[in-house]
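The sequence shown runs 1 to 541 under the UniProt record's numbering.
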Amino acid sequence: MKHGTLSFINSKTDVQNHFNSLFQIIYLFQFNLISHARNLQELLAFVQNLESTRTKKQLWFPRIGLRKWLSKTQRVDATLGGLTVNNVTSQNDMTLSRTMTAPNELERQEDLGLLGQKNKAGKVTYPRDPDVNPPETAFEKFFYSLYQIILWAQTVETGFAIKTASGFVLLSLPAFLPQSASWFFAWRGQWATVTLMMWMSPLAGMFLFGTVLRVIGTVAGGVLGIIVWEITRGNPYGLAVLMFILMIPLYYLFFTNKMLSPLVIMIQVTCILVVCYEYQYVTSGVAVYDSAEVVAGKRMLLVSIGVAAAAILSILPKPVTGRVELRKRISLTLHDISKLYGILVGDIISNYDNRIEQTPRLNKSLRKLFLDIRRQVADARSHLQLSKLEPPLRGKFPYETYAVLVEKVDNMADLLIGMAYAVKSIDRSWQRNLVSAMRDERTEYMAFIMGLMKLLSATMASKIALPPFIVSPNDIRDRFGKRLASEIVQCPGRLDNATFPNYCAFTMNAIYFVNELSVVLDCIKQLVGVEDPEQWIVLHS
1 MKHGTLSFIN
11 SKTDVQNHFN
21 SLFQIIYLFQ
31 FNLISHARNL
41 QELLAFVQNL
51 ESTRTKKQLW
61 FPRIGLRKWL
71 SKTQRVDATL
81 GGLTVNNVTS
91 QNDMTLSRTM
101 TAPNELERQE
111 DLGLLGQKNK
121 AGKVTYPRDP
131 DVNPPETAFE
141 KFFYSLYQII
151 LWAQTVETGF
161 AIKTASGFVL
171 LSLPAFLPQS
181 ASWFFAWRGQ
191 WATVTLMMWM
201 SPLAGMFLFG
211 TVLRVIGTVA
221 GGVLGIIVWE
231 ITRGNPYGLA
241 VLMFILMIPL
251 YYLFFTNKML
261 SPLVIMIQVT
271 CILVVCYEYQ
281 YVTSGVAVYD
291 SAEVVAGKRM
301 LLVSIGVAAA
311 AILSILPKPV
321 TGRVELRKRI
331 SLTLHDISKL
341 YGILVGDIIS
351 NYDNRIEQTP
361 RLNKSLRKLF
371 LDIRRQVADA
381 RSHLQLSKLE
391 PPLRGKFPYE
401 TYAVLVEKVD
411 NMADLLIGMA
421 YAVKSIDRSW
431 QRNLVSAMRD
441 ERTEYMAFIM
451 GLMKLLSATM
461 ASKIALPPFI
471 VSPNDIRDRF
481 GKRLASEIVQ
491 CPGRLDNATF
501 PNYCAFTMNA
511 IYFVNELSVV
521 LDCIKQLVGV
531 EDPEQWIVLH
541 S
């Protein structure tokens, strides 16, 4: 069948175009179908093995060593406080390993982790810094370590932790002073501290939206608690029936609309607090106690104090906006995709030249890089949704452009993973054709693709306009696609090879990878602009 397919293609004038379109897509589908079947078979075998070996009920904990726990990077939830932006995303979905970028510079967490590590020669490695050379003496190493601590203190998550802890200490200070401790507990000042701790958020837009919802929920809950108490007047059966009826619609909103979950929680908490305090006063027989209106008023006042304190701390020294973090994270993701693209190409050529197979450690490291990129993309989607909550003070946020940009970067990550998976089990005969094409195009195609991604990453980080003259990725893509297709035409006898679909899968993923990169280039042109020398000449002539 494959030889018949080849004779049909040879009757056409443009062999490369046919191989770059329909037939390679068919082989790509075949490769994906076979891979899915194999993975499903491995999953079934794994489940059968578990059922045969684990015959007793037991709690199975993941085997993670203490060293791995201690070496983990800090994790900051993109929606700290539990606020979500749609009905699908939950708080756990946004707990990502990619930490927030610094406000003024992009410090790589992996580069910061290079301090103290040794290479194969036994020398300590350091990330390159254009300002200074790597430290050599003990004096220089000490100040280098001090510099790393300063950089860590300037990160968003560290500043957020310091501000939250400082605000909590300041609001709790009256409880430890003799002259103010009595009225602090009489007015239940701990409500203000709890509000500060629960409502502080590292992003300004999310904090503003969450504050509005929670203040409205506190007021509505206080009013609702007063109404419930005035209706029941302390009757426990009436309280049980009325509270049950009120909680049904609130829980329905809580489970069906994640956007309104902070509003629902504050309504429930405030209403229950007002009712429980009044019921406690009545059952304990206290002669003088606060009425339901006073309890609700104190709750609203102290919540307002906690909100005001959180608002002041969130804007000092300057607010962190989600749209800026989104831009920086896209820059980091493009940088990592470029680095991983170079690693993949180098690994393919090195494995063929040295006749070696990938070690389990290398496979684990590659999977870790791929997983990190996937988490970065998910994090970018979270910040894209949270950017809707920020008021357009300086101008409207280009949401549509960023939405397309995030989608294309996500596709690039998927295609890169597909390329790596396709060459994982490719036969050496077709690997030779792939390496031959890569070597011929290494100085132009490979260098252009990685250079363009590094340029786009630096442009997004620094907000500098793109140069006026850039080679179109589509031209480079067409030439590389024809080069890969020519390898197929030259080897008609190997079309029945079992790994020929792997070659086609790599080819199609590589071609469409450049297609997505071209769209990313257009989006970034719209965001940062392009230098126009002719306009400058006209303005200064």
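We treat Cβ as the ideally placed atom computed from N, Cα and C, and that holds for glycine.
What is the DSSP secondary structure of residue i, counted as helix, strand or coil?
{"i": "VAL530", "result": "strand"}
{"i": "LEU466", "result": "strand"}
{"i": "SER541", "result": "coil"}
{"i": "VAL156", "result": "helix"}
{"i": "VAL320", "result": "coil"}
{"i": "GLN190", "result": "helix"}
{"i": "GLN535", "result": "helix"}
{"i": "PHE255", "result": "helix"}
{"i": "THR499", "result": "coil"}
{"i": "MET446", "result": "helix"}
{"i": "LEU224", "result": "helix"}
{"i": "PRO391", "result": "coil"}
{"i": "MET243", "result": "helix"}
{"i": "residue 542", "result": "Within the shown structure, residues of the chain are numbered from 1 to 541, placing residue 542 beyond reach of any answer."}
{"i": "SER172", "result": "helix"}
{"i": "ARG98", "result": "With a pLDDT of 40 at ARG98, under the threshold of 50, the predicted position of this residue should be treated as unreliable, and no value is reported."}
{"i": "MET200", "result": "coil"}
What residue does the alpha helix (DSSP H) around residue i start on, and which one ends it?
{"i": "TRP183", "result": "181-186"}
{"i": "ILE373", "result": "360-386"}
{"i": "THR283", "result": "261-284"}
{"i": "TRP152", "result": "138-153"}
{"i": "TRP60", "result": "It is not in any alpha helix (DSSP H) - TRP60 carries neither H nor E in the DSSP assignment."}
{"i": "GLU42", "result": "24-53"}
{"i": "ILE417", "result": "399-422"}
{"i": "ARG299", "result": "292-314"}
For residue i, count neighbouring C-beta atoms within 10 Å of its own C-beta (all shown protein chains included) and say buried if the count is 16 or more, exposed if not.
{"i": "PHE469", "result": "exposed"}
{"i": "LEU193", "result": "The sequence shown places Thr at residue 193, rather than the Leu named in the question. Buried is the call here."}
{"i": "LYS298", "result": "buried"}
{"i": "GLU444", "result": "exposed"}
{"i": "ARG323", "result": "buried"}
{"i": "THR256", "result": "exposed"}
{"i": "HIS36", "result": "exposed"}
{"i": "ALA165", "result": "exposed"}
{"i": "CYS523", "result": "buried"}
{"i": "TRP536", "result": "exposed"}
{"i": "GLU390", "result": "buried"}
Figure out for me which residue from the options has the closest Cα to the Cα of residue i.
{"i": "MET460", "options": "LEU521, ALA240, ALA186", "result": "LEU521"}
{"i": "THR333", "options": "PRO62, LEU416, ASN39, MET300", "result": "LEU416"}
{"i": "PRO529", "options": "PRO360, GLY481, SER472, ALA465", "result": "At residue 529 the sequence reads Gly, which differs from the Pro that was named. For GLY529, the nearest C-alpha among the options comes from ALA465."}
{"i": "THR401", "options": "SER304, GLN30, ARG327", "result": "ARG327"}
{"i": "GLY222", "options": "GLY210, ARG428, GLU278, PHE176", "result": "GLU278"}
{"i": "ALA220", "options": "MET266, LEU50, LEU203, LEU177", "result": "MET266"}
{"i": "GLY189", "options": "ALA175, TRP199, GLY342, ASN474", "result": "ALA175"}
{"i": "ARG214", "options": "LEU302, VAL345, LEU484, ILE449", "result": "LEU302"}
{"i": "ILE348", "options": "GLN30, MET419, LYS463", "result": "MET419"}
{"i": "GLN431", "options": "LEU313, TYR503, ILE373", "result": "TYR503"}
{"i": "VAL295", "options": "LEU273, ILE312, ILE305", "result": "LEU273"}
{"i": "residue 547", "options": "VAL241, ALA240, MET450, GLY210", "result": "A question about residue 547 goes unanswered here, because the residues of the chain that appear run from 1 up to 541."}
{"i": "ILE476", "options": "PRO467, LEU527, GLY451", "result": "GLY451"}
{"i": "TYR399", "options": "ARG329, TRP187, LEU527, PHE254", "result": "LEU527"}
{"i": "THR195", "options": "ALA310, ASN32, ARG483, GLN376", "result": "ALA310"}
{"i": "GLY306", "options": "GLN376, ASP379, GLY167, SER338", "result": "GLY167"}
{"i": "ALA378", "options": "ILE488, ALA413, PHE142, LEU171", "result": "ALA413"}
Output yes if chain C places a C-beta closer than 8 Å to the C-beta of residue i; else output no.
{"i": "ILE348", "result": "Of the chains in the structure shown, none is chain C; there is only one protein chain."}
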